[in-house]
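Encoded as structure tokens, the structure appears first; notes follow it.
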Ligand SMILES: Cc1cc2nc3c(=O)[nH]c(=O)nc-3n(C[C@H](O)[C@H](O)[C@H](O)COP(=O)(O)OP(=O)(O)OC[C@H]3O[C@@H](n4cnc5c(N)ncnc54)[C@H](O)[C@@H]3O)c2cc1C
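Residue numbers (this note's numbering): 60 to 830.
Okay, structure coming up:
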């Protein structure tokens, strides 16, 4: 006992007396910390520091304040936004025919381009003072998503000028003259912008672009001025083939020191009219057969004046920071909007098709194997929509959350890919045969586009989410790094000492809390609500503690190496992401008024998120470089074992059943999905076939039963079947009339396209009449 007391007093003295603590603990740790800090280039530092921390910081803190989350309110639409959605957007959707766009002329038809320009679809992020629409992130996302449910090519065409590019860069950094010159013309669609960063030698590593600008004297408009001589070769540039203004990123050098003392100025962005001497717009690419404009651009020794630099000379060399800052917003809206479109469309039409398509006299959606896939579709679509809403809430509150938008881009596009795969499996041959009757295939082909752009997904998962999350969202690490980088070592140490004490307290409390929550099944963890979802809040609180603990241990033991240990750090990034998605799901359930009918979706989605957290931790513990430490962490976090199972089958079955029921729930969950109120259009037809079959299912059952019993020929279908059923008095004449309509709709709903062989040879896809 006395030894224990002596030890306790010694610890209290060491930690409690600042001078002793500083020399015995903080100073040596400070030195080690400085050594293990990963070497960071200026570009990496700028990227790391750009953007804001929001709910991700709470999740990393080990003690998320759930009330704070639930008290933030999602953004509605302004009267103007609503009028646009009800008017020009609906008109546009009715004009779009994706199959024609992708096969005839490989472009949007002239009337669609005209409609987009006239109604300022390209000006959603441009301020009203310049003639733009100045829409919220929520409206922007809604519009792009809805267009994408109709045509991916049209959605990408609208999305690009409203995402990272000239419009946004000018709005944030442009000089007054630049704004007044370009923004009104961009808003009207008189100027079409593109933004060129990527080239053959620099894709993901965009900071390493080889394109150069050299400050020199040259002739512009007949006068000798100081300007920039540019050389570039860019590829994959969306809208380049039709652009009238090129946003260009290049590395600026000033060997003659005409601008100042610095010779290597750094990444710079300029705006160049594509009609300018020497600007070459090359040929078009063909991105997965989608018709949106995408291509190359080159320039050799092209001279431009200095005032074409976006923001003017004072922004020379600041291009990387500008791009990273602006990326945060666009990355949380555009590509996630494409994934949302996939989720809504696949849920709506797979539900309908799974009912309309019958095998062995039963809708295929009644078979358990199909229900498993449908459960995933419904559960993931619920998660996609929840994540979309939460991220938009942050953006519309004025945050520019870099880690959250990276998680949103990565996970929403990955969930979209999974949903589409499941949708295609359920549709089988109907999903594969391309043509106007196929509402999935074009999207299926195009999905890797959203996986690749604005940060290819592997890189986003492995480098960005945890790499940035660990420093930006951690309550102390960034401040400690700043203290370590302080050129005044004494001041840095003083600061570091204060932070270290708090950090140690944080780590100790996370260790005990993780074990406590593990032992008690998180029954004492905090939750802001009661009822069926309380346990999910508690489990997320528990896993938030576990993440904080494991992140600290990883950073402490691996230091700078953690950056290279992508497989380890990405798993912690996965935990953060699934905590975020889980929070989004729970918040949506509250925001939607805790609708009982949504519970199967919430249970499925939450169980999946927890299961994925469990899997990420399993891989993390198993592959931790120090196996003993890995095992110790595993015992601290899961003392009774890792028990987060996959979603229960019953939830998948309940989801499948509700996907096959027309009505409010189906409409609420797929409200972004466009279907044309026209029987000739495949979407309108599918809706009609579905509702008629549901309404007349008892008649179908009577007829199928009679076929099974041999009362009716089992090979009959269509009108012949209905006539025979009436003749044999299986159904009445009146019932026969209803059944005839439903049966005709059914036959067309399961039909696929076929094309005249000769027409195909000439590249004309004239669909054959149905037989
Ligand atoms: C249809 C389309 C439209 C586009 N539009 C534009 C545009 O308008 N403007 C523009 O400037 N660019 C545009 N891009 C370019 C796009 O941003 C790049 O394709 C993207 O940055 C990836 O570059 P890359 O294709 O060269 O892949 P690479 O950089 O070669 O990467 C290959 C793979 O390696 C992974 N990877 C790379 N480094 C790491 C790492 N350190 N850790 C883990 N994984 C890593 C990547 O995730 C990827 O999976 C477009 C691309 C496409 C396909």
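Positions of the beta carbon are idealized from the N, C-alpha and C atoms, including for glycine. A quick note: this is a predicted structure, and the numbers were derived from the prediction, not measured.
| request: Take the Cβ of residue 489 as the centre, count every other Cβ of all protein chains shown within 10 Å, and call the residue buried at 16 or more, exposed below. | output: Sequence index remark: in the chain shown, residue 489 carries index 430 (1-based). Burial call: buried.
| query | Distance, Cα to Cα, residue 471 vs residue 399? | reply | Here residue 471 is taken as the residue at index 412 of the chain shown, counted from 1. Here residue 399 is taken as the residue at index 340 of the chain shown, counted from 1. Cα to Cα, residue 471 sits roughly 7 Å from residue 399.
| message | So, under 8 Å CB-CB, residue 644 and residue 683 are touching, yes? Tell me the CB distance rounded to an integer number of Å. | response | One-based indexing of the chain shown puts residue 644 at position 585. One-based indexing of the chain shown puts residue 683 at position 624. About 29 Å; that fails the 8 Å criterion.
| CB-CB length for residue 771 against residue 788, believed under 8 Å | Position 712 of the chain shown, counting from 1, holds the residue named residue 771. Position 729 of the chain shown, counting from 1, holds the residue named residue 788. Not a contact, Cβ separation roughly 11 Å.
| request: Identify whether residue 462 lies in helix, strand or coil by the three-state DSSP scheme. | output: On the chain shown, position 403 is the one that residue 462 refers to. In the displayed model, residue 462 falls within a helix according to three-state DSSP.
| field | Continuous alpha helix (DSSP H) stretch holding residue 578: start and end | value | Position 519 of the chain shown, counting from 1, holds the residue named residue 578. Per DSSP, the unbroken alpha helix (DSSP H) holding residue 578 starts and ends at 548 to 579.
| request: Could you please give me the residues that DSSP links to residue 368 through a beta bridge? | output: To locate residue 368, count along the chain shown from 1; it is residue 309. For residue 368, which the question treats as bridged, DSSP gives the partners 329.
| field | Selection from 795, 525 and 280 that minimises the alpha carbon distance to residue 779 | value | Here residue 779 refers to the residue found at position 720 when the chain shown is read from its first residue. Nearest option by C-alpha distance: 795.
| query | To which residues does DSSP link residue 9 through a beta bridge? | reply | Only positions 60 to 830 of the chain appear in the structure, and residue 9 is not among them; the question remains open.
| said: Just checking residue 147 against ligand 1 - is the residue's beta carbon closer than 6 Å to any of the ligand's heavy atoms? | reply: Within the chain shown, numbered from 1, the residue matching residue 147 stands at position 88. Exclusion of residue 147 from the 6 Å shell around ligand 1 follows from its C-beta lying no nearer than that to any non-hydrogen atom of the ligand.
| said: Can you give me the C-alpha to C-alpha distance between residue 821 and residue 813, rounded to a whole angstrom? | reply: Here the question's residue 821 lines up with position 762 in the chain shown. Here the question's residue 813 lines up with position 754 in the chain shown. Going from the Cα of residue 821 to the Cα of residue 813 covers about 15 Å.
| message | I'd like to know whether the C-beta atoms of residue 870 and residue 248 end up nearer to each other than 7 Å. | response | Residue 870 cannot be examined here, being either before or after the span of the chain that is shown, 60 to 830.
| Considering only residues of the same chain and omitting the five flanking positions on each side of residue 10, which have a CB-CB separation below 6 Å? | Absent from the model: residue 10. The displayed extent of the chain is 60 to 830, so no value can be given.
| said: Taking only three categories from DSSP, how would you classify residue 271? | reply: Along the chain shown, read from residue 1 onward, the residue named residue 271 stands at position 212. In the structure shown, residue 271 sits in a strand (DSSP, three-state: E or B).
| task | Note down the Cα distance separating residue 818 from residue 202, rounded to an integer number of angstroms. | result | Sequence index remark: in the chain shown, residue 818 carries index 759 (1-based). Sequence index remark: in the chain shown, residue 202 carries index 143 (1-based). If you take the alpha carbons of residue 818 and residue 202, they lie about 36 Å apart.
| Opposite residue 532 in the DSSP bridges: which residues? | Position 473 of the chain shown holds residue 532. DSSP output for residue 532 lists no bridge partner at all.
| Does the Cβ of residue 521 lie closer than 6 Å to at least one heavy atom of ligand 1? | Within the chain shown, the letter at position 462 stands for residue 521. Yes; taking the cut-off as 6 Å, the Cβ of residue 521 has a heavy atom of ligand 1 nearer than that.
| field | Chain-order list of residues whose beta-carbon lies under 6 Å from that of residue 583 (same chain, five-residue window excluded) | value | Within the chain shown, numbered from 1, the residue matching residue 583 stands at position 524. Within the same chain, residue 583 has no close Cβ partners at all.
| request: Count the C-beta pairs between the stretch 496 to 506 and the stretch 146 to 156 that are closer than 8 Å, then say yes if the count reaches three, no if not. | output: no
| Can the beta-carbon of residue 388 be found closer than 7 Å to that of residue 445? | Position 329 of the chain shown, counted from the first residue, corresponds to residue 388. Position 386 of the chain shown, counted from the first residue, corresponds to residue 445. No, they are not a contact pair.
| task | Label residue 454 either buried or exposed according to how many other C-beta atoms from any shown protein chain fall within 10 Å of its C-beta, with 16 as the threshold for buried. | result | Taking the chain shown and counting its residues from 1, the one referred to as residue 454 is at position 395. Residue 454 should be labelled buried.
| query | Between which two residues does the beta strand (DSSP E) containing residue 822 stretch? | reply | On the chain shown, position 763 is the one that residue 822 refers to. It is not in any beta strand (DSSP E) - residue 822 carries neither H nor E in the DSSP assignment.
| query | Excluding five sequence neighbours on each side, which residues of the same chain lie with their C-beta closer than 6 Å to the C-beta of residue 282? | reply | As a working note, residue 282 is residue 223 in the chain shown. Around residue 282: no qualifying Cβ.
| message | Would residue 637 and residue 671 be called neighbours here (beta carbons separated by less than 7 Å)? | response | Here the question's residue 637 lines up with position 578 in the chain shown. Here the question's residue 671 lines up with position 612 in the chain shown. Closer than 7 Å, so yes.
| In the DSSP assignment, what are the bridge partners of residue 285? | As a working note, residue 285 is residue 226 in the chain shown. The secondary-structure analysis by DSSP pairs residue 285 across a beta bridge with 276.
| query | Is it buried or exposed for residue 321, if we count other Cβ within 10 angstroms and need 16 for buried? | reply | Against the chain shown, residue 321 aligns to sequence position 262. So residue 321 counts as exposed.
| Which residue or residues does DSSP assign as beta-bridge partners of residue 95? | As a position in the chain shown, residue 95 is number 36, starting the count at 1. For residue 95, which the question treats as bridged, DSSP gives no partner whatsoever.
| Where residue 238 sits in the DSSP three-state scheme | In the chain shown, the residue the question calls residue 238 occupies position 179. Helix.
| query | Taking DSSP as the reference, what is the three-state secondary structure of residue 324? | reply | The residue given as residue 324 occupies position 265 in the chain shown. DSSP places residue 324 in strand when its eight states are reduced to three.
| request: Leaving aside the five residues before and after residue 193 along the sequence, list all residues of the same chain whose C-beta is less than 6 Å from its C-beta, in chain order. | output: Looking up residue 193 in the chain shown gives position 134. Hits under 6 Å: 186 and 187.
| task | With distances taken Cα to Cα, identify the nearest neighbour of residue 381 among 224, 138 and 241. | result | On the chain shown, residue 381 is found 322 positions in, with the first residue counted as 1. For the residues 224, 138 and 241, the minimum Cα distance to residue 381 belongs to 224.
| query | Taking C-beta to C-beta, are residue 311 and residue 329 nearer than 7 Å? | reply | Taking the first residue of the chain shown as 1, we reach residue 311 at position 252. Taking the first residue of the chain shown as 1, we reach residue 329 at position 270. Cβ atoms of residue 311 and residue 329: not closer than 7 Å.
| query | What is the rounded straight-line gap between the Cα of residue 565 and the Cα of residue 610? | reply | To locate residue 565, count along the chain shown from 1; it is residue 506. To locate residue 610, count along the chain shown from 1; it is residue 551. Using only the alpha carbons, I get a separation of about 12 Å.
| Starting from residue 743 and walking both ways along the alpha helix (DSSP H), at which residues does that stretch end? | As a first step, residue 743 must be located in the chain shown, where it is residue number 684. For residue 743, the enclosing alpha helix (DSSP H) starts and ends at 741 to 754.
| So is the beta-carbon of residue 518 under 6 Å away from any non-hydrogen atom of ligand 1? | Looking up residue 518 in the chain shown gives position 459. True, at least one ligand heavy atom lies under 6 Å from that Cβ.
| message | Pull the bridge partners of residue 408 from the DSSP assignment, please. | response | As a working note, residue 408 is residue 349 in the chain shown. Note: residue 408 sits in no beta bridge, so no partner.
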